[in-house]
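Structure, as structure tokens:
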Amino acid sequence: ATVEACRLRPPQLRALWTTADLSPEEVSGVELALQMVELPPGCYFNGASYVDVDGNERREHPALSARLEEIVAGYNVAVEAWNTAASAAAALPIFQAPSVRGV
1493 ATVEACRLRP PQLRALWTTA DLSPEEVSGV ELALQMVELP PGCYFNGASY
1543 VDVDGNERRE HPALSARLEE IVAGYNVAVE AWNTAASAAA ALPIFQAPSV
1593 RGV
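Sequential numbering of the sequence shown, starting at 1493, is according to our numbering.
Next up, the structure:
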């Protein structure tokens, strides 16, 4: 049991990102950047909210959720690369439990 506790462990897999994992500062930065981007056709900003052609109002820029998903997808490329490397490393003999001989 003591030897087992000292055994080298493989790298842990990382969880994929979601938009909920983005910091408030990062979301605010994206919101600020989107203020400089042209609105989609049929939308306008009335000074307080974004309005679409049907008169529906929303506080968020129409492209915010799509842009946040793009950012998360970029982070997840790195996470998936890490997880692939970690899985390959976990298969190396150094991380395999030794067979017990002479018992």
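Cβ coordinates follow ideal geometry from the N, Cα and C atoms, glycine included.
Helix, strand or coil at Arg-1559 according to DSSP, with G and I counted as helix = helix
Cα-Cα, which of Leu-1584, Glu-1518, Tyr-1567 is closest to Arg-1506?
-> Tyr-1567
Integer-rounded CB distance, given that Leu-1526 should sit under 8 Å from Ala-1555 = 6 Å
For Val-1543, which of helix, strand or coil comes out of DSSP?
-> strand
Looking only at its own chain, which residues have a Cβ that is under 7 Å from the Cβ of Leu-1508, when we skip the five neighbours before and after it?
-> Asn-1568, Val-1571
Flag this pair as yes or no: are the beta carbons of Val-1543 and Glu-1552 separated by less than 9 Å?
-> no
The alpha helix (DSSP H) spanning Pro-1516 covers which residue range?
-> 1516–1526
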